[in-house]
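So for the sequence shown, this note's numbering puts the first residue at 2; every next one is plus one.
Ideal Cβ positions, reconstructed from N, Cα and C, are used throughout, including at glycine.
Being a predicted model, the structure only gives us computed values, none of them experimental.
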Amino acid sequence: MSSQVLRPEHSDVPLPDDRYLDRELSWLAFNERVLELAEDTELPLLERTKFLAIFASNLDEFFMVRVAGLKRRIATGIAVKSPSGFLPRDLLDGIYARTAELMDRQASVLQNDLQPLLAEQGIHILRWDDTTDAERVALGQFFLDKVFPVLTPLAVDPAHPFPYISGLSLNLAVVVRNPTTGMELFARVKVPPILQRLVPVGSSRFVALEDIIAAHLSELFPGMEILQHHIFRVTRNEDLEVEEDDAENLLLALERELMRRRFGPPVRLEVEQTIDPYVMDLLERELGIGSNEVMHIPGILDLTALWALAGLPRDDLKFDAFLPRTSREISDIESSSPPDVLEAMRDHEILLHHPYDSFSTSVQRFLEQAATDPKVLAIKQTLYRTSGDSPIIDALVAAAEAGKQVLAIVEIKARFDEQANIDWARKLEQAGCHVVYGLVGLKTHCKLSMVVRDDGDQLRRYVHLGTGNYHPKTARLYEDVGLLTTDDEVCADVARLFNVLSGYSMESEFQRLLVAPNSVRSGLIERIEREIDHHQNGRPAGVRIKCNSIVDEVTLDALYRASQAGVSIDIWVRGICAIRPGVPGLSENIRVRSTLGRFLEHSRVYEFSNGGTREVWIGSADLMHRNLDRRIEVLARLGNSRHVRKLSELIDLAFDPGTASWHLGSDGEWVRVHLSHDGQPLRDIQAVLIARQVRRLGTVS
């Protein structure tokens, strides 16, 4: 389908230069929303603690990738302004300043809010001085038995250069004095990452591992006077760069790059707020890091350690348990026997909404059933992220061992899952699967599975496509949608796309699919322009988008033009949003909402009013440059009016004034709206969907 990209010159009204919000600052605003959940007194205590760990983990990745990229641009002399108008250096300074504020707030939430509340519930995060004499004896034995043997103190002097500090490792900077010579010396002790960070002592009482090590430094430096010690942590550039020339042997090239990742330049230094100026100066000098890149933290560093508390058996401090159930479209009856997914698919298309609909009894069952069905001849599968012990991998291995043809399109460049993907890709190869690593220069991010079965009267294709990864564990935590279908158009499209991914096909025309990098951007923009035409001719018009991130400037400009023409535009985004809503003359018809909660909102849905014949697309693509230009992405048009209505009603619920959400203002600020005018909590959209599922089943999970 051809399209003409809507450019500024196609309108008499010029678009202002400041129309884009900055993507990096928008990401920090997203993580601030996560922090607000940790601050929310209405949430269960251990869930708040978990959100604090998520905030810390998110920030680590942001610095390893996004901040590292900015520093690399500065180092290479690329001083081009971002679309938001920032020069890299100015943006970097703003990021560090904002991060310092957020990390101070993070520390305050833990120290002044969560720790006292946890203590009231009998859960204690102790410093060494808070432990009892009996606990110190037990911890001392633990140190000698489990910790001391794996510690390696490294001195720094003319004969011992400053050691390499690995990314995200916790370290002790130790200053000792030789009592004979009076000379003061510096040493570094790495906190072993293979050991549990929060060490249990007694029932629900924990001591940080670095505190245990600090209390026993005399064991590491016998005969020396311990003058001071300070905890510090370095974040490094850990993004990967694999040259396309290496694609012929991509797996080996990626393994080499994974080794290099450990030695990336530092991008952030976290230190205790009480650090001595002499030690601080030494660390800055030896690490080559600026004072503005240092985060002075009051209290414990690296709050990803709080994940350990999420596993405590305290259901009274967590969200009520929810057990996903089989989709009604697969089976209306909950049974101990597994459902026949293939039979249900032959009868009708099935729209899945995870985690409310069970992944294990739908997508996982689809592949497991195909693996053991003697009438199934072939399985073709894309894999971006999954777990090494995944039943999805087991099903593909079983199918190959049973003599079926199995093709796995494995994306081994999935960020931070590279090594795991290499490992299970080799497992698939050893089982006899055909493993392909996608196309040169493009990541395979689409979520597709196709089964070919001899149904007697014909060879029939069975297809699953969705918005989420084939990962059974995250499928219980991520909100996603998917489609199971035997529709001839969809199946023919998917079959042609697999040929593109595994062979030399140049196919670019599809019937019910939009495929990046060729047609997702142009296809969406064509439909946005079509809404302008509908509105100008008095027909129903509107655009509604649900996605993780929206950044692509060409698409944003099309949305701005539609807003200027009077088209209503609603955007439901989880993370980054570069569009500036509510600006008179530009975007007064654009609303932006964000929802965060117990499940990670992950689905991508694109809805167009289309003159009254509503059109809805689902798929893997966010509106980011990488998705539209550097990845194989797929959007599929829903063909069942009931499915269209279901997702449309989902978006209705998200934008209903009675639903809690964050609202984005024209100034780029997010405001949380979760209380009614009389102070009552607004409904939580995920809680509503859970309650609907429970009511449908007539049971309490």
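inquiry  = Taking the alpha-carbon of Asp653 as reference, which of Val689, Leu228, Arg454 has the nearest alpha-carbon?
reply    = Working through the sequence shown from its first residue, we reach residue 653 at position 652. That would be Val689, whose Cα lies nearest to the Cα of Asp653.
inquiry  = Less than 7 Å between C-beta atoms, sequence neighbours within five positions excluded: which residues of the same chain meet that for Glu245?
reply    = Walking along the sequence shown from the start, residue 245 turns up at place 244. Unreliable positioning characterises Glu245 in this predicted model, as indicated by a pLDDT of 42, which lies under 50. The coordinate reading is nonetheless provided below. Only Val441, Gly442 meet the Cβ criterion.
request  = Report buried or exposed for Leu343, applying the criterion of at least 16 other Cβ atoms within 10 angstroms of its Cβ.
outcome  = What you label residue 343 is simply residue 342 of the sequence shown in a count that begins at 1. When all chains shown are included, Leu343 counts as buried.
query = By Cβ distance, which residues of its chain are closer than 6 Å to Phe163, with the 5 residues on each side in sequence left out?
reply = On the sequence shown, residue 163 is found 162 positions in, with the first residue counted as 1. Contacts found: Val157, Glu287.
ask   = Just checking, does the segment 206-218 make contact with the segment 27-35 on the three C-beta pairs under 8 Å criterion?
value = no
message = Taking the alpha carbon of Asp105 as the reference point, which residue from Arg237, Phe600, Phe56, Gly168 has its own alpha carbon closest?
response = Here residue 105 refers to the residue found at position 104 when the sequence shown is read from its first residue. Of the listed residues, the one whose Cα sits closest to Asp105 is Phe56.
task = With DSSP as the reference, label Gly442 as helix, strand or coil.
result = On the sequence shown, position 441 is the one that residue 442 refers to. Coil.
query = Can you check whether the CB of Gly576 is closer than 7 Å to the CB of Asn549?
reply = Translated into positions along the sequence shown, residue 549 becomes position 548. Translated into positions along the sequence shown, residue 576 becomes position 575. Yes.
request  = Could you tell me the boundaries of the alpha helix (DSSP H) in which Pro392 lies?
outcome  = For the purposes of this step, residue 392 is identified with residue 391 of the sequence shown, where counting begins at 1. Here the alpha helix (DSSP H) through Pro392 covers 392-402.
ask   = Is the CB-CB distance between Ala637 and Leu466 below 7 Å?
value = Counting from one through the sequence shown, the residue named residue 637 turns up at place 636. Counting from one through the sequence shown, the residue named residue 466 turns up at place 465. Going by C-beta atoms, Ala637 is nearer than 7 Å to Leu466.
task = Give the straight-line distance between the Cα atoms of Asp114 and Leu173, rounded to the nearest whole angstrom.
result = Position 113 of the sequence shown, counted from the first residue, corresponds to residue 114. Position 172 of the sequence shown, counted from the first residue, corresponds to residue 173. Their backbone Cα atoms lie some 27 Å apart in a straight line.
message = So, with DSSP's three-state summary, where would you put Gln382?
response = As a working note, residue 382 is residue 381 in the sequence shown. It is a strand residue.
task = Measure the alpha-carbon distance for Ile686 versus Leu221 and round it to whole angstroms.
result = The sequence position of residue 686 within the sequence shown is 685, counting from 1. The sequence position of residue 221 within the sequence shown is 220, counting from 1. Distance between the alpha carbons of Ile686 and Leu221: 54 Å.
message = According to DSSP, simplified to helix, strand and coil, what is Met451?
response = Taking the sequence shown and counting its residues from 1, one reaches residue 451 at position 450. Here Met451 sits in strand by DSSP.
inquiry  = Just to check my reading of the structure: Trp663 and Arg594 have Cβ atoms closer than 8 Å, yes? What is that Cβ distance to the nearest angstrom?
reply    = Start at 1 with the first residue of the sequence shown, and residue 663 comes out as number 662. Start at 1 with the first residue of the sequence shown, and residue 594 comes out as number 593. Going by Cβ atoms, the distance from Trp663 to Arg594 rounds to 7 Å, so yes, they are a contact pair.
message = Can you look up Leu259 in the DSSP assignment and give me helix, strand or coil?
response = To locate residue 259, count along the sequence shown from 1; it is residue 258. Low local confidence applies: a pLDDT of 48 at Leu259 is under 50, so the model's placement there is unreliable, with the coordinate-based value given in what follows. Looking at Leu259 - three-state DSSP - the assignment turns out to be helix.
ask   = For Pro582 versus Phe320, is the C-beta distance shorter than 7 Å?
value = Indexing the sequence shown from 1 puts residue 582 at position 581. Indexing the sequence shown from 1 puts residue 320 at position 319. It is not a contact, given that the beta carbons lie outside the stated cut-off.
task = For His626, collect the residues of the same chain with a Cβ closer than 8 Å to its Cβ; drop the 5 residues on either side in sequence, then sort them by chain order.
result = On the sequence shown, residue 626 is found 625 positions in, with the first residue counted as 1. These residues qualify, in order along the chain: Val552, Asp553.
CA nearest to the CA of Gly656, picked from Asn641, Glu430, Val574 = Here the question's residue 656 lines up with position 655 in the sequence shown. Sequence check: residue 656 is Phe here, not Gly. It is Val574.
key: Coarse secondary structure for Glu121, derived from DSSP in three states   = As a first step, residue 121 must be located in the sequence shown, where it is residue number 120. Three-state result, Glu121: helix.
inquiry  = If you reduce the DSSP assignment to three classes, tell me which class Ile75 lands in.
reply    = Taking the first residue of the sequence shown as 1, we reach residue 75 at position 74. Ile75: helix per DSSP, three-state reduction.
query = Nearest CA to the CA of Glu285: which residue from Pro325, Asp333, Arg234?
reply = As a first step, residue 285 is located in the sequence shown; it is residue number 284 there, counting from the start. Nearest of Pro325, Asp333, Arg234 to Glu285, Cα basis: Arg234.
query = With distances taken from CA atoms, which of Pro314, Thr383, Glu273, Gly640 is nearest Asn470?
reply = Taking the first residue of the sequence shown as 1, we reach residue 470 at position 469. Cα-wise, what sits closest to Asn470 is Thr383.
request  = Verify whether the separation of the beta carbon atoms of Ala563 and Glu532 is less than 7 Å.
outcome  = The sequence position of residue 563 within the sequence shown is 562, counting from 1. The sequence position of residue 532 within the sequence shown is 531, counting from 1. Yes, Cβ-Cβ distance for Ala563 and Glu532 is below 7 Å.
task = Could you tell me which residues DSSP puts in a beta bridge with Gln406?
result = Within the sequence shown, the letter at position 405 stands for residue 406. Answer by DSSP bridge pairing, in chain order: Ala379.
task = Can you have a look at Asp458 and say buried or exposed, based on whether 16 or more other CB atoms are within 10 angstroms of its CB?
result = Taking the sequence shown and counting its residues from 1, the one referred to as residue 458 is at position 457. Exposed, because fewer than 16 other Cβ atoms sit within 10 Å of the Cβ of Asp458.
key: Nearest to Arg49 (by Cα), restricted to the options Leu60, Glu37, Asn59, Ser58   = The count along the sequence shown starts at 1 and reaches residue 49 at position 48. Nearest of Leu60, Glu37, Asn59, Ser58 to Arg49, Cα basis: Glu37.
Exposed unless 16 or more other CB atoms sit within 10 angstroms - verdict on Arg605 = The residue given as residue 605 occupies position 604 in the sequence shown. By the neighbour-count rule (16 or more Cβ atoms within 10 Å), Arg605 is buried.
key: Own chain residues within Cβ distance below 8 Å of Ala372, not counting five before or after   = Taking the sequence shown and counting its residues from 1, the one referred to as residue 372 is at position 371. Excluding positions up to five away in sequence, the list reads Ile380, Ala396, Leu397, Ala399, Ala400, Ala403, Lys405.
query = Rounded to a whole number of angstroms, what is the C-alpha to C-alpha distance between Ala120 and Arg462?
reply = Taking the sequence shown and counting its residues from 1, the one referred to as residue 120 is at position 119. Taking the sequence shown and counting its residues from 1, the one referred to as residue 462 is at position 461. Approximately 57 Å, taken between the alpha carbons.
inquiry  = Runs of 3 residues minimum, wholly inside the segment 289-365: which ones carry the beta strand (DSSP E) assignment?
reply    = 295-298, 351-355
task = Could you please give the first and the last residue of the uninterrupted alpha helix (DSSP H) stretch that includes Ile652?
result = In the sequence shown, counting from the first residue as 1, residue 652 sits at position 651. Residues 642-656.
ask   = With distances taken from CA atoms, which of Val81, Gln122, Asp18 is nearest Asp316?
value = Looking up residue 316 in the sequence shown gives position 315. Of Val81, Gln122, Asp18, the residue nearest in Cα terms is Gln122.
request  = Please say whether Gln112 and Gly300 have beta carbons closer to each other than 7 Å?
outcome  = Sequence index remark: in the sequence shown, residue 300 carries index 299 (1-based). Sequence index remark: in the sequence shown, residue 112 carries index 111 (1-based). Result yes, Cβ atoms of Gly300 and Gln112 sit closer than 7 Å.
message = Only counting the same chain, and skipping five residues up and downstream in sequence, which positions put a Cβ closer than 8 Å to that of Leu152?
response = Position 151 of the sequence shown holds residue 152. The answer, listed in chain order, is Val190, Lys191, Pro193, Ile214, Leu221.
inquiry  = Quick check on DSSP: helix, strand or coil for Ser595?
reply    = Stepping through the sequence shown from its first residue, residue 595 is reached at position 594. The answer is strand: DSSP assigns Ser595 an E or B state.
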